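Asks:
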Amino acid sequence: MGLFSSFQSEEAKRAEEVRTGAVAPDRSERRKCWEARDAYFGCLDRNIIADALKDDAKARKVCPAENQVFERDCAAAWVKYFKQWRVADLQKKQRIAQLEAENAIKMDVTTTFADQPSSSPKGPAPSKVDLQDMLASRRQ
1 MGLFSSFQSE EAKRAEEVRT GAVAPDRSER RKCWEARDAY FGCLDRNIIA
51 DALKDDAKAR KVCPAENQVF ERDCAAAWVK YFKQWRVADL QKKQRIAQLE
101 AENAIKMDVT TTFADQPSSS PKGPAPSKVD LQDMLASRRQ
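Quick note: the sequence shown, position 2, residue 2 per the UniProt record's numbering, numbers continuous.
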C-alpha cells in the first residue's frame with residue numbers, strides 16, 4: 001500500500017483487500033464483480049475475442065474501459081478464473097453444437113454417490129455390461 005496508504009478511504013482499502021484476496025467479497029461486491037464481468041465479456045463477444053488470456057493485448061486494446069472496471073471490481077484470482085471459464089464454456093458449447101450437427105443422441109445422465117434403494121420405481125439400474133452392450137449395438 002505504501003507511504004500514502006493511511007490517506008486511502010475505508011472503501012478504497014476494502015476494494016484493494018478484495019482485489020488481492022486478503023478478504024472475501026460480500027454480496028454487493030460479488031454482484032458488482034459479476035456485472036463488470038458481464039460487461040467485459042459482452043465487449044469481447046462484440047469484438048469476436050474468445051480467449052482474453054491468449055489475446056490479452058488485443059482484448060486490452062478493444063475493451064480498455066470494460067477491462068479496467070473488471071480488474072478493479074473483481075479479485076485478481078476471480079478475473080483469471082472467469083477468463084479461463086469463458087474459454088472452457090465456449091469450447092463446451094462448440095462441442096455440443098458439433099455433436100448435434102452429427103445427430104448425436106442426447107443422454108440424460110445423473111451421477112450420484114449416495115446408496116440407491118434396491119427397489120427403485122424404475123427398476124434396477126443397468127449394469128456396466130448392459131451399458132457396453134447398448135453402446136456396441138448403436139455403433140453397428
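Here a beta-carbon is modelled for each residue, glycine too, at the ideal position from N, C-alpha and C.
Just so we're clear, the structure is a prediction, and the values are computed from it rather than from any experiment.
Just tell me which of GLN84, GLY42, ALA36 has its CA closest to the CA of ASP51.
Replies: Among GLN84, GLY42, ALA36, the Cα nearest to that of ASP51 is on GLN84.
Asks: In whole angstroms, what is the alpha-carbon distance linking PRO126 and ASP133?
Replies: Cα to Cα, the separation comes out at about 11 Å.
Asks: With a threshold of 6 Å on Cβ separation, who are the neighbours of GLU17 within its own chain once the five nearest residues in sequence on each side are excluded?
Replies: Result list for GLU17: VAL23, in chain order.
Asks: So what does DSSP say about ASP55, is it helix, strand or coil?
Replies: ASP55: coil per DSSP, three-state reduction.
Asks: Considering only the alpha carbon of each residue, which of ALA88, VAL87, CYS74 lies closest to ARG30?
Replies: Taking only the C-alpha atoms, the option nearest ARG30 is CYS74.
Asks: From which residue to which residue does the alpha helix (DSSP H) around ALA77 run?
Replies: Taken as a continuous stretch (DSSP letters only), the alpha helix (DSSP H) holding ALA77 covers 76-101.
Asks: Can you name the start and end residues of the alpha helix (DSSP H) that residue 154 belongs to?
Replies: In the structure as shown, the chain starts at 1 and stops at 140, and residue 154 therefore has no counterpart that could be examined.
Asks: Would you give the residue range spanned by the alpha helix (DSSP H) that ALA36 belongs to?
Replies: Looking at the DSSP string, the run of the alpha helix (DSSP H) that includes ALA36 is 27-46.
Asks: Our contact map puts VAL69 next to ALA39 with C-beta atoms below 8 Å; I'd like the distance itself, whole angstroms only.
Replies: The pair is a contact, with the Cβ atoms about 7 Å apart (cut-off 8 Å).
Asks: Would you identify the three-state DSSP class for ASP115, choosing helix, strand or coil?
Replies: Three-state result, ASP115: coil.
Asks: Please confirm if the segment 42-57 is in contact with the segment 86-96, defined as three or more CB-CB distances below 8 Å between the two stretches.
Replies: Contact holds: three or more Cβ-Cβ distances are below 8 Å.
Asks: Please work out which residues of its chain come closer than 7 Å, Cβ to Cβ, to GLU66, disregarding the five sequence neighbours upstream and downstream, and give them in chain order.
Replies: Excluding sequence neighbours, GLU66 sits near ALA39, TYR40, CYS43.
Asks: With a threshold of 7 Å on Cβ separation, who are the neighbours of ARG37 within its own chain once the five nearest residues in sequence on each side are excluded?
Replies: Excluding sequence neighbours, ARG37 sits near PHE70, CYS74, PHE82.
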